[in-house]
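Participant: Handing you this structure, nothing more for now.
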Amino acid sequence: RHYEAQHLSKAGELFARANCHPEVKIEAIGVWDTVKSLGLNAPLFWRFSQPLHMFHNHDLSRNVKNGFQALALNETRVAYAPVLWTTPEGYAGRLEQVWFPGTHGDVGGQLGGDEAARPLANIPLVWLLSRMEDSGLPLPDGWTTRFDQDPTAPSIGRWRGYGKMLVTRRRRVVGADPSERLHESVDQRRAHAEPQPGLLARMQGVISSL
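In the working numbering, the protein residues as written are 9 to 218.
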């Protein structure tokens with residue numbers, strides 16, 4: 009660790025000069041549900057490991073023309089709290105951070121063999137690949153037909169495997185940044201779900217605020 013959050017510090021300049029390539033423009037970066045799962049990421053323990061494992065900052069670099077992040081709307085494990093990009097002052101690029109139905113494993117595609125959940129996980133995959141294609145990434149003709157998509161497909165949930173040990177839960181905050189929006193599959197999944205008045209009211213509030 010040769011530098012801290014201030015990338016223009018003397019230490020940062022010396023480190024960059026000795027070890028880094030000259031600045032280059034990056035056409036696009038795409039990520040799935042970035043979380044700060046580093047160190048002892050658990051209640052009370054995090055305060056001791058944070059100085060060693062915290063991210064320097066959450067800014068999307070000015071060198072990146074397009075940034076796309078798919079986020080899991082239904083993840084509640086505090087240990088998997090999302091890290092949304094922020095933008096530095098004067099950022100002139102394009103930033104989209106879109107919420108999809110499902111948990112961290114659904115949106116990231118880590119399904120543990122539960123292929124019934126694959127059509128739900130394919131939705132953020134196809135969205136992100138489409139954004140990359142718009143940014144200039146060549147993809148085969150008709151590539152979207154390879155991925156079945158179904159917003160009503162089952163979710164792998166939040167209580168599988170060692171996830172049962174992560175008992176600290178909290179709903180994610182949605183709509184705090186102008187770059188955020190709900191994907192249309194959220195509304196499609198809600199329309200096919202059994203009525204839950206409390207959840208419906210919360211979702212309608214989120215949708216109206218975006």
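Beta carbons: idealized from backbone N, C-alpha and C, even for Gly.
Predicted, not measured: the structure shown is a model, and the values here were computed from it.
1) Looking only at C-alpha atoms, which of 132, 161, 164, 89 sits nearest to residue 152?
2) Look up residue 37 in the DSSP assignment and say whether it is helix, strand or coil.
3) Tell me which same chain residues have a C-beta within less than 7 Å of the C-beta of residue 160, skipping the five on either side of it?
4) Go to residue 141, then tell me how far its alpha helix (DSSP H) extends in each direction, as first and last residue.
5) Can you tell me which of the three DSSP states residue 91 falls into?
6) Reducing DSSP to helix, strand and coil, say where residue 180 ends up.
7) Indicate whether residue 180 and residue 83 have their beta-carbon atoms separated by less than 8 Å.
8) If we count Cβ pairs, one from each stretch, closer than 8 Å, do we get three or more for the stretch 97-108 versus the stretch 125-141?
9) Can you give the Cα-Cα distance for residue 85 and residue 34, rounded to whole angstroms?
10) Taking 8 Å as the cut-off, decide whether the C-beta atoms of residue 40 and residue 89 are in contact.
11) Please report how far the alpha carbon of residue 96 lies from the alpha carbon of residue 22, in whole angstroms.
Facilitator: Straight from the coordinates:
1) Indexing the sequence shown from 1 puts residue 152 at position 144. Cα-wise, what sits closest to residue 152 is 132.
2) The count along the sequence shown starts at 1 and reaches residue 37 at position 29. Correct three-state label for residue 37: strand.
3) To locate residue 160, count along the sequence shown from 1; it is residue 152. Excluding sequence neighbours, residue 160 sits near 197, 200.
4) Start at 1 with the first residue of the sequence shown, and residue 141 comes out as number 133. First-last of the alpha helix (DSSP H) with residue 141: 126-142.
5) Taking the sequence shown and counting its residues from 1, the one referred to as residue 91 is at position 83. Three-state DSSP puts residue 91 in coil, outside helix and strand.
6) The residue you call residue 180 lines up with position 172 of the sequence shown. Three-state DSSP puts residue 180 in coil, outside helix and strand.
7) For this step, residue 180 is matched to residue 172 along the sequence shown. For this step, residue 83 is matched to residue 75 along the sequence shown. Yes, the pair counts as a contact, with Cβ atoms nearer than the cut-off.
8) yes
9) Residue mapping note: residue 85 aligns to position 77 of the sequence shown, counting from 1. Residue mapping note: residue 34 aligns to position 26 of the sequence shown, counting from 1. Approximately 32 Å between the Cα atoms of the pair.
10) Taking the first residue of the sequence shown as position 1, residue 40 is located at position 32. Taking the first residue of the sequence shown as position 1, residue 89 is located at position 81. Not a contact, by the Cβ cut-off of 8 Å.
11) Along the sequence shown, read from residue 1 onward, the residue named residue 96 stands at position 88. Along the sequence shown, read from residue 1 onward, the residue named residue 22 stands at position 14. For residue 96 and residue 22, the distance between alpha carbons rounds to 22 Å.
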